[in-house]
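Just so we're aligned: 211 in full-length UniProt numbering is position 211 of the sequence shown, and the numbers increase by one with no gaps anywhere. See below for the structure under consideration.
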Amino acid sequence: MRLDGIPLWDGTELRGPVDLTWEPDRITGVGPAAPAHHDLCVLPGLVDTHVHLVGYAGSGDPPDFATWPLTTTRDEQVLHGVAHAQRAMRHGVTTLRDLAGDEAQIALRRVFDAGVLPGPRIQVHGVVGMTAGHNDLFVPPASPLRKPTADGPDECRKLVRTWARAGMDGIKLTTSGGVLSIGDKNVWRNYTRDEIRAVVDEAHALGMPVASHAHSEDGIRVAVEEGVDSIEHGTLMSRDLAETLAARRTPVAPTLLINEAIAEGRVPVTPEAKAKAAELVATRNVLLAQAAALGVRFVLGTDANGHHVQFGDQLAEVVHMTRILGMDAESALRAATSDAADSIGLPVGRIAPGLGADLIVLRGRPWERIEDLATENIVAVVSRGRVVAGRLP
1 MRLDGIPLWD
11 GTELRGPVDL
21 TWEPDRITGV
31 GPAAPAHHDL
41 CVLPGLVDTH
51 VHLVGYAGSG
61 DPPDFATWPL
71 TTTRDEQVLH
81 GVAHAQRAMR
91 HGVTTLRDLA
101 GDEAQIALRR
111 VFDAGVLPGP
121 RIQVHGVVGM
131 TAGHNDLFVP
141 PASPLRKPTA
151 DGPDECRKLV
161 RTWARAGMDG
171 IKLTTSGGVL
181 SIGDKNVWRN
191 YTRDEIRAVV
201 DEAHALGMPV
211 ASHAHSEDGI
221 RVAVEEGVDS
231 IEHGTLMSRD
241 LAETLAARRT
251 PVAPTLLINE
261 AIAEGRVPVT
271 PEAKAKAAEL
281 VATRNVLLAQ
291 AAALGVRFVL
301 GTDANGHHVQ
311 FGDQLAEVVH
321 MTRILGMDAE
331 SALRAATSDA
341 ADSIGLPVGR
351 IAPGLGADLI
361 VLRGRPWERI
371 EDLATENIVA
381 VVSRGRVVAG
391 RLP
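Structure follows, in structure tokens:
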């Protein structure tokens with residue numbers, strides 16, 4: 001497989017026209033060449049560090065995000081998870097990190113890795129959350145079909161170990177309330193410091209990174225002080241927290257589009273969720289722009305779940321990062337490719353010999369004009385070395 005004379009943005013910088021060759025899932029050559037495709041370019045597949053593959057795919061009128069998982073068999077939900085992953089892949093997102101996984105997402109990862117079905121590269125994190133915490137309250141309080149919870153340091157350690165045994169790549173920890181969880185507030189404390197310390201210590205002892213869901217300033221602060229590996233949302237980040245995160249180079253996934261979609265009611269949501277999101281968005285932009293200016297390491301993370309944010313909306317999220325965070329085009333592209341990959345410890349997000357062959361062939365020059373990074377400009381997508389959308393020029 002090869003592309004000749006195509007301009008390459010390699011995940012960090014523009015390399016100019018190259019001849020690019022690969023064998024299934026291994027780039028074998030990148031060398032200077034005479035230009036042959038003046039209106040096209042090639043860049044690495046995108047890396048979304050925060051998604052939920054098995055979340056929602058209902059079609060009711062109106063769609064009911066809360067009850068669909070309770071009234072749909074797990075088998076059907078998993079099939080929708082396959083469709084979500086493949087839709088993301090066809091739109092150029094060739095690596096996904098699921099941050100609320102269980103055995104179903106682990107099965108998807110194994111099936112895609114084995115080539116049983118075509119699919120993107122997947123990492124899976126299991127959630128450790130408290131009773132009446134953010135993760136617990138996605139399920140209506142009266143329902144007996146609840147997700148695992150852990151209360152107290154010993155239970156927290158046990159749940160981390162349970163997820164390690166299941167084959168998780170990492171742990172997601174909740175340190176604040178959320179938007180879509182039912183009946184809580186963004187500012188609610190999720191876990192005591194001793195519980196958070198136990199989760200981080202146990203996960204790290206078992207070689208698993210910890211991503212912390214945190215909207216509130218207090219939730220971000222305790223997560224940072226206890227040594228988590230990434231911050232998810234980071235919405236109400238104070239200046240001193242931004243300075244600490246920047247100094248440590250801790251990745252932050254800002255999940256911009258989803259909170260706006262909920263706050264503005266672009267998709268069916270409850271009045272409670274709409275109000276909580278609107279409260280966050282009202283102060284978010286100034287705080288996150290300040291954080292970016294202070295050098296916080298923002299990476300692509302959308303919270304895509306197939307309802308509030310679609311799989312395929314990742315390209316629009318990257319464009320939106322330039323508008324809200326004040327990033328230039330190349331910084332936003334790095335945040336969605338090489339830096340996102342580095343933040344989750346995977347050797348992807350770059351185009352270089354020896355790396356996996358995940359590529360987007362695109363019309364335009366997105367490193368100069370970020371708006372060119374759009375689904376309608378995709379000419380072809382290569383995932384794991386195989387063309388999965390469009391046709392190579």
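The C-beta atom is built at its ideal place from N, Cα and C for all residues, glycine as well.
With 16 other Cβ atoms within 10 Å as the buried cut-off, status of residue i
i	result
residue 266	exposed
residue 109	buried
residue 44	buried
residue 332	buried
residue 368	exposed
residue 286	exposed
residue 309	buried
residue 240	exposed
residue 51	buried
residue 250	buried
residue 13	exposed
Sequence-distant residues of its chain with Cβ nearer than 7 Å to residue i (five each side left out)
i	result
residue 340	47, 49, 299, 300 and 349
residue 39	363
Residues sharing a beta bridge with residue i, DSSP
i	result
residue 44	359
residue 214	233
residue 17	7
residue 23	26
residue 251	297
residue 189	176
residue 269	Looking at the DSSP assignment, residue 269 forms no beta bridge with any residue, so it has no partner.
Contact set for residue i: own chain, Cβ-Cβ below 8 Å, skip 5 residues either direction
i	result
residue 372	362, 363, 364, 365 and 366
residue 327	292, 298, 321 and 335
residue 105	53, 54, 81, 98, 122 and 124
residue 26	354, 355, 356, 357 and 385
residue 312	87, 88, 90, 91, 93 and 375
residue 204	210 and 227
Three-way DSSP call (helix, strand, coil) for residue i in this model
i	result
residue 122	strand
residue 222	helix
residue 410	As displayed, the chain neither begins before 1 nor continues past 393, which places residue 410 out of reach and without an answer.
residue 262	helix
residue 28	strand
residue 378	strand
residue 386	strand
residue 146	coil
residue 448	In the structure as shown, the chain starts at 1 and stops at 393, and residue 448 therefore has no counterpart that could be examined.
Close beta carbons around residue i, own chain, < 6 Å, minus the five adjacent residues each side
i	result
residue 252	231, 234, 296 and 298
residue 170	125, 208 and 209
residue 35	5 and 17
residue 226	196, 197 and 200
is_contact[residue i, chain C] using C-beta, thresh 7 Å
i	result
residue 122	Any reference to chain C falls outside this structure, which holds one protein chain only.
Of all the beta strand (DSSP E) runs that stay within the bounds of the stretch 149-176, which reach a length of 3 or more residues? 170-174
Taking the runs of the beta strand (DSSP E) that are 3 residues or longer, which of them lie wholly in the stretch 50-110? 93-98
In chain order, which alpha helix (DSSP H) runs of at least 4 residues are fully inside the stretch 271-345? 271-293, 314-325, 329-336 and 338-343
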